[in-house]
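The numbering of the sequence shown is UniProt numbering, which starts it at 1 and goes up by one.
All residues carry an ideal CB built from backbone N, CA and C; glycine is no exception.
A quick write-up on the structure given underneath.
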Amino acid sequence: MPDGSLPTPRPLRDADALADAGLVPPAALPALRRVAARYAVSVTPAMAALIDPADPADPIAAQYLPHAAELEATDQERADPIADHPHTPVKGVTHRYPDRALLKPLLACPVYCRFCFRREQVGPAGGVLGEAELEAALDWFAAHPDVREAILTGGDPLMLSPRRLRHIVGRLSAMPHIEIIRLHTRVPVADPARVTAAMAEALDTETALFLCLHANHAREFTADARAALRRLSRAGVALLGQSVLLRGVNDTPGAMEGLLRAMLANRVKPYYLHQLDRAPGTARFEVPIAEGRALLAGLRGRLTGLAWPTYALDLPEGQGKAPIGPDFAERQEGGWSVRGPLGGAHFQPDRAGEG
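Now the structure itself:
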């Protein structure tokens, strides 16, 4: 380069690039090329550096490297498992709940998770809303005063330029009825170099703004990721965390505890633990709900309540997220039997006239 600096490493975007980097065996290339032709592939340098190719059970590799099983769809899987399409009043907007709606300004991500519920839509082409389409989507929010929360997702909204992101946040913040702006992103862990001072400044608003970080394993919180999250926190951005319960990634007590502790150590409040959405070719990741409930129940009492996420299943046909977490209380005659997370049980009798 003219100034003598080294070129910025680029994401690995196909099976051959992954093989050249030593992340997948050459013998697997024919099958992985077929997968990559069907579903987008992107592994950022930050994530590639975390993968141990010698470990067949590496939890970072499982999330990002294509696998031949992705082409094996089952009858229970759906191309649009949470029904985005039927609830799209204008391009880029999804409206399921009465008081909130999604704004999807683009469908590009820094990495493409192999379990993604929007895997039929996202990809390097990006699906970026044009200027007129973006303004039409923002006009929809302006015209719906019952919508109090705007949730930027996609794709990953932190893939936008700071200028474009600042415009969107500014437009939404100027709407009197928008009380909360939320952004869902992988960028601070998957591509932390994108979290610049300009990006943090673009999120500066008097409207309550929450950034919901998607991370599934403690190892994703690298030094660079921690610095990116600290930059956002210093800029006044409130940080939440969401994860997907994944076989081979975070389905053991140690892995889940490590993830939740890593979030809190980085000022990220665990918010949601999602049961896997049944997108095509994702069966290898699914953990039965009974196992998920038992996993969380075993952590109650070992972890501070700050670490406790809502374990939820996003129902098909756009029926919303239903909490499916473990129960510690059971109704009995005259009161409630409540299990203690540290052992034992307590019977809480009804007061007079209750029950």
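Excluding the five sequence neighbours on either side, which residues of its own chain have a C-beta within less than 7 Å of the C-beta of residue i, listed in chain order?
{"i": "residue 87", "result": "94, 95, 96 and 318"}
{"i": "residue 53", "result": "22 and 23"}
{"i": "residue 228", "result": "188, 192 and 195"}
{"i": "residue 36", "result": "14, 15 and 66"}
{"i": "residue 306", "result": "264 and 269"}
{"i": "residue 272", "result": "242, 309, 310 and 312"}
{"i": "residue 226", "result": "266"}
{"i": "residue 315", "result": "322"}
{"i": "residue 160", "result": "105 and 106"}
{"i": "residue 47", "result": "60, 64, 111 and 190"}
{"i": "residue 233", "result": "239 and 267"}
{"i": "residue 133", "result": "91 and 92"}
Ordered along the chain, which non-local residues of its own chain (more than five positions away) have a Cβ less than 8 Å from that of residue i?
{"i": "residue 303", "result": "257, 260 and 261"}
{"i": "residue 291", "result": "251"}
{"i": "residue 50", "result": "60, 219, 220 and 222"}
{"i": "residue 128", "result": "105, 106, 107 and 108"}
{"i": "residue 354", "result": "none"}
{"i": "residue 112", "result": "39, 40, 41, 42, 64, 119, 122 and 123"}
Leaving out five residues before and five after residue i in sequence, what residues of the same chain have Cβ atoms less than 6 Å from its Cβ?
{"i": "residue 19", "result": "26 and 29"}
{"i": "residue 214", "result": "186 and 242"}
{"i": "residue 33", "result": "15"}
{"i": "residue 230", "result": "none"}
{"i": "residue 31", "result": "68"}
{"i": "residue 207", "result": "173 and 181"}
If you follow the beta strand (DSSP E) that residue i is in, where does it begin and where does it stop?
{"i": "residue 244", "result": "238-244"}
{"i": "residue 314", "result": "310-315"}
{"i": "residue 270", "result": "269-274"}
{"i": "residue 349", "result": "345-349"}
{"i": "residue 209", "result": "208-214"}
{"i": "residue 335", "result": "335-339"}
{"i": "residue 320", "result": "320-323"}
Starting from residue i, trace the alpha helix (DSSP H) both ways and give me its first and last residue.
{"i": "residue 167", "result": "162-173"}
{"i": "residue 64", "result": "59-64"}
{"i": "residue 77", "result": "No alpha helix (DSSP H) contains residue 77, which DSSP labels as neither H nor E."}
{"i": "residue 35", "result": "29-38"}
{"i": "residue 293", "result": "289-299"}
{"i": "residue 253", "result": "253-265"}
{"i": "residue 134", "result": "131-142"}
{"i": "residue 230", "result": "223-234"}
{"i": "residue 201", "result": "197-202"}
{"i": "residue 18", "result": "15-20"}
{"i": "residue 187", "result": "187-190"}
{"i": "residue 48", "result": "45-48"}
In whole angstroms, what separates the C-alpha of residue i from that of residue j?
{"i": "residue 117", "j": "residue 155", "result": "11 Å"}
{"i": "residue 169", "j": "residue 151", "result": "11 Å"}
{"i": "residue 328", "j": "residue 310", "result": "14 Å"}
{"i": "residue 297", "j": "residue 326", "result": "6 Å"}
{"i": "residue 350", "j": "residue 330", "result": "13 Å"}
{"i": "residue 336", "j": "residue 347", "result": "6 Å"}
{"i": "residue 114", "j": "residue 352", "result": "54 Å"}
{"i": "residue 204", "j": "residue 212", "result": "16 Å"}
{"i": "residue 166", "j": "residue 183", "result": "13 Å"}
{"i": "residue 71", "j": "residue 280", "result": "8 Å"}
{"i": "residue 142", "j": "residue 171", "result": "9 Å"}
{"i": "residue 102", "j": "residue 301", "result": "35 Å"}
{"i": "residue 81", "j": "residue 324", "result": "18 Å"}
{"i": "residue 295", "j": "residue 287", "result": "10 Å"}
{"i": "residue 92", "j": "residue 197", "result": "27 Å"}
{"i": "residue 356", "j": "residue 274", "result": "Limits of the chain in this structure are 1 at one end and 355 at the other, which puts residue 356 out of reach."}
{"i": "residue 85", "j": "residue 240", "result": "26 Å"}
{"i": "residue 282", "j": "residue 73", "result": "8 Å"}
{"i": "residue 131", "j": "residue 175", "result": "19 Å"}
{"i": "residue 202", "j": "residue 284", "result": "39 Å"}
{"i": "residue 11", "j": "residue 153", "result": "21 Å"}
{"i": "residue 137", "j": "residue 334", "result": "53 Å"}
{"i": "residue 100", "j": "residue 320", "result": "12 Å"}
{"i": "residue 58", "j": "residue 217", "result": "11 Å"}
{"i": "residue 177", "j": "residue 224", "result": "36 Å"}
I think residue i touches residue j, with their Cβ atoms under 8 Å apart; what is that distance to the nearest whole Å?
{"i": "residue 173", "j": "residue 180", "result": "The Cβ separation is near 11 Å, so there is no contact."}
{"i": "residue 209", "j": "residue 237", "result": "6 Å"}
{"i": "residue 120", "j": "residue 83", "result": "In fact, because the Cβ distance is near 13 Å, the residues do not count as touching under 8 Å."}
{"i": "residue 199", "j": "residue 162", "result": "5 Å"}
{"i": "residue 278", "j": "residue 76", "result": "6 Å"}
{"i": "residue 9", "j": "residue 45", "result": "4 Å"}
{"i": "residue 140", "j": "residue 89", "result": "6 Å"}
{"i": "residue 276", "j": "residue 299", "result": "Incorrect: roughly 19 Å between the Cβ atoms, too far for contact."}
Meets three-Cβ-pair contact criterion under 8 Å: the stretch 117-124 and the stretch 136-148: no
Validate contact between the stretch 65-83 and the stretch 246-255 using beta carbons, cut 8 Å, 3 pairs: no
Segment contact, 8 Å Cβ cut-off, at least three pairs: the stretch 338-348 with the stretch 98-109: no
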